[in-house]
Amino acid sequence: GKCSQQAELSGENINITYKPDGTHVAVGNRDDELTILDVRKFKPIHRRKFNYEVNEIAWNMTGEMFFLTTGNGTVEVLSYPSLRPLDTLMAHTAGCYCIAIDPTGRHFAVGSADSLVSLWVISEMLCVRTFTKLEWPVRTISFNHTGDLIASASEDLFIDISNVHTGKTVHQIPCRAAMNSVEWNPKYNVLAYAGDDKNKYQADEGVFRIFGFENA
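Heads up, the sequence shown is in our numbering, so the first residue is 617 and it goes up one at a time.
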């Protein structure tokens with residue numbers, strides 16, 4: 617492939633996400649500045665600087681709400697496209713690092729430096745469950761295509777896969793290093809994951825792996 621569009625932004629970018637309908641893309645940088653671009657014109661339509669640490673960002677499935685996880689342990693919920701504040705959720709006792717939206721639109725989940733993953737009902741903005749299997753700050757989380765499973769990972773040497781409805785672990789994938797990213801296939805129970813794996817020379821291995829259930 618080749619690069620079709622390019623935008624020069626103001627800082628070192630650390631997070632990026634698409635609006636579910638693909639029309640807008642949001643980018644967050646290390647200076648806690650959010651830029652939202654119209655994909656069709658590839659021009660910024662929103663710029664906002666926050667006075668607190670902003671980590672991962674996401675739209676809900678309808679694109680009407682925009683979520684920011686913060687270093688204060690909160691999730692800021694904004695209306696979209698106005699970016700007007702709707703709610704501040706006191707989600708965790710430590711910084712919130714990552715967020716995932718259930719593809720069915722029912723839930724979202726937040727991973728925190730306190731090692732917990734919290735599950736929230738979007739329609740009520742209430743936390744209904746926490747997942748407690750990890751012992752290190754949660755780096756990455758992902759829902760499967762049906763919204764029934766959630767994968768989470770950290771510096772623990774395993775990836776936890778839990779049932780969203782019961783909170784119980786379904787499976788754990790052993791790892792050789794801390795994980796940086798987990799992502800379910802949008803149609804099947806197949807999980808891609810990548811981390812800090814090293815080769816025999818202790819250089820970054822630069823690989824990702826695929827895990828799938830037999831009935832995937």
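Glycine is no exception: its CB is placed at the ideal position from the N, C-alpha and C atoms.
Treat the numbers as computed from the prediction; the structure is a model and nothing was measured.
List the DSSP bridge partners of residue i.
{"i": "His723", "result": "Val737"}
{"i": "Cys743", "result": "Trp736"}
{"i": "Tyr579", "result": "There is simply no residue 579 to check, as the chain begins at 617 and stops at 832 in what is shown."}
{"i": "Val670", "result": "Thr686"}
{"i": "Ala767", "result": "Ser758 and Ile777"}
{"i": "Lys814", "result": "Asp820"}
{"i": "Trp591", "result": "Residue 591 lies beyond the range of the chain shown here (617 to 832); nothing can be said about it."}
{"i": "Asp730", "result": "In DSSP, Asp730 forms no bridge with anything."}
For the beta strand (DSSP E) containing residue i, list its first residue and its last residue.
{"i": "Pro660", "result": "Lys659 to Lys665"}
{"i": "Pro790", "result": "Thr785 to Pro790"}
Is the distance from the Cβ of residue i to the Cβ of residue j below 7 Å?
{"i": "Asn631", "j": "Ile661", "result": "no"}
{"i": "Met741", "j": "Asp703", "result": "yes"}
{"i": "Asp813", "j": "Arg792", "result": "yes"}
{"i": "Ala725", "j": "Leu732", "result": "no"}
{"i": "Phe682", "j": "Tyr668", "result": "no"}
{"i": "Ala707", "j": "Asp730", "result": "no"}
{"i": "Arg745", "j": "Gly783", "result": "yes"}
Whole angstroms are fine: how far does the CA of residue j sit from the CA of residue i?
{"i": "Pro790", "j": "Glu821", "result": "17 Å"}
{"i": "Thr785", "j": "Gln621", "result": "42 Å"}
{"i": "Pro719", "j": "Phe759", "result": "7 Å"}
{"i": "Ser770", "j": "Ala810", "result": "11 Å"}
{"i": "Asp776", "j": "Glu751", "result": "11 Å"}
{"i": "Leu650", "j": "Val670", "result": "9 Å"}
{"i": "Ser728", "j": "Pro802", "result": "24 Å"}
{"i": "Glu692", "j": "Val641", "result": "18 Å"}
{"i": "Val737", "j": "Val823", "result": "35 Å"}
{"i": "Gly679", "j": "Ala794", "result": "32 Å"}
Could you tell me which uninterrupted alpha helix (DSSP H) segments, each at least 4 residues in length, are contained entirely in the region 677-717, listed from first to last along the chain?
none
Completely contained beta strand (DSSP E) runs for the region 617-649, where each covers 3 or more residues
629-634 and 640-645
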